[in-house]
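Participant:
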Amino acid sequence: MWDIRVTDETVSTNDDAMAIARSGGPSRTVCVARRQTGGHGRFDRVWFSPAGKGLYCSVILRPSLPAEHFGLLSFCAATAMAETVRAEIKWPNDIIMNGRKICGILSSWGYDRNSEAFAVIGSGLNILAGSYPPELAEKAACLEDFGMDEPWDAILSRYLPLLESSVQELETRGFAEVRRRLEERCVILGKPVLVSGGQQAEGLAEGIGPQGELLVRLSSGSLVSVTCGDVSVRGVNGYV
Ligand code: BTN
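Per our numbering, the sequence shown runs over residues 36 to 275.
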C-alpha cells in the first residue's frame, strides 16, 4: 500500500518527503502537491511547478540495498516514468518526447534519526500547457503537446507499481535488467555528445556502465565513464 499525501501547495515535495523520512517516515510514503513554490531540480535549478499543470511527487523508499547503490534508484525511476508515459530517456534521468524534456527526476538520500538509510525520488512531469515556462519552449514539452495528457492521479497510479517493480528487480537481481531497460529507451546512445556541468567529455555515447555511468568513446579511442553531468547531442546546428 502507498500512503499518498496530497497537498494544494508546498515549497517542494522533495523537501517534505526528506523531512518525513528523516523523522522515521516509512517507505512508500508519497508526497504530491498541485503546486510547488520552490520546486528544484538537479544542479539546484528551479523546477517550474504551476498549479494543476503537472505531476509533482516525491516517493520515500527504504530499499534493501547498500546505501552506496542508492544512486541507481534514479534509473529505476527514469525507466518506470518513461514506461508510464511511453517516452524516451536522456541519460541520466531526463524523460524526453520528440527531443524535448517532459519530466525530470531528482533523487536524494540520507539517514533518519535511527540511522536507517532512506531515499527520496522526486519527479516533475509536465502534463498541461503552461507547465513549463515559454522561454524553454525549444527544450521542454508537456504531454498535452502530444495529445497524451491525462489526470496526474491516473499517471501516478501507473508509475508507482512500475517504480516498485524496478526497485524490486534492483534489490533481488542487481542492476543488469534495469540497465537493459534504460539502454533500450536511452535516446543518446550511438550519438555524438558533449558532457558538461559535472564532468566534461566529447565523443560517442556508447552505453551505460555497470554503475549507471555513461560510457563515452573519445576521438582518441579511449572510453571514459561519466558519472555526473549534462549531456547535449550534436545536431546540424551544433550541440543542443
Ligand atoms: C531535474 O530535471 O533537474 C529534476 C527535476 C525534479 C523536479 C521534481 S518536482 C517534484 C519534486 N520536488 C522538487 O522540488 N523537485 C522534484
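Yeah, the Cβ is synthetic: ideal placement off N, Cα and C, and Gly gets one too.
What residue range does the alpha helix (DSSP H) around M116 cover?
Facilitator: Working through the sequence shown from its first residue, we reach residue 116 at position 81. Its alpha helix (DSSP H) spans residues 108-120.
Participant: Helix, strand or coil: which one does DSSP assign to A54?
Facilitator: Working through the sequence shown from its first residue, we reach residue 54 at position 19. Helix.
Participant: I'd like to confirm something about R77: is its beta-carbon nearer than 6 Å to some heavy atom of ligand 1, or not?
Facilitator: Looking up residue 77 in the sequence shown gives position 42. At least one heavy atom of ligand 1 is nearer than 6 Å to the Cβ of R77, so yes.
Participant: Tell me whether T82 counts as near ligand 1, meaning its Cβ is closer than 6 Å to at least one heavy atom of that ligand.
Facilitator: Counted from its first residue, the sequence shown places residue 82 at position 47. Residue identity check: residue 82 is Trp in the sequence provided, not Thr. Correct: W82 has its Cβ closer than 6 Å to ligand 1.
Participant: How many Å lie between L217 and L249 at the Cα?
Facilitator: Looking up residue 217 in the sequence shown gives position 182. Looking up residue 249 in the sequence shown gives position 214. C-alpha separation (whole angstroms): 11 Å.
Participant: Do D38 and T72 have their beta-carbon atoms positioned less than 7 Å apart in this structure?
Facilitator: Locating residue 72 in the sequence shown gives position 37, where the first residue counts as 1. Locating residue 38 in the sequence shown gives position 3, where the first residue counts as 1. No, the pair does not count as a contact, with Cβ atoms beyond the cut-off.
Participant: Identify, in the order they occur along the chain, each residue of the same chain with its Cβ nearer than 7 Å to the Cβ of S255, setting aside the five sequence neighbours on each side.
Facilitator: By 1-based counting over the sequence shown, the position of residue 255 is 220. Taken in chain order, the list of residues that qualify is empty.
Participant: Are the CB atoms of I130 and R220 within a distance shorter than 7 Å?
Facilitator: As a position in the sequence shown, residue 220 is number 185, starting the count at 1. As a position in the sequence shown, residue 130 is number 95, starting the count at 1. No, they are not a contact pair.
Participant: With DSSP as the reference, label V275 as helix, strand or coil.
Facilitator: Residue numbering aside, residue 275 sits at position 240 when the sequence shown is read from its first letter. In this structure, V275 counts as coil in the three-state DSSP scheme.
Participant: Any chance the region 52-68 sits against the region 95-105, with 3 or more Cβ pairs inside 8 Å?
Facilitator: Yes, the region 52-68 touches the region 95-105.
Participant: Just to confirm my understanding: we take L163, look at its own chain, exclude 5 residues before and 5 after, and list those with CB closer than 8 Å. What are they?
Facilitator: Translated into the one-based positions of the sequence shown, residue 163 becomes position 128. These residues qualify, in order along the chain: G87, K88, G89, C177, L178, E179, D184.
Participant: For a quick check, are the C-beta atoms of C111 and L205 less than 7 Å apart?
Facilitator: Residue 111 sits at position 76 when you count from the first residue of the sequence shown. Residue 205 sits at position 170 when you count from the first residue of the sequence shown. Cβ atoms of C111 and L205: closer than 7 Å.
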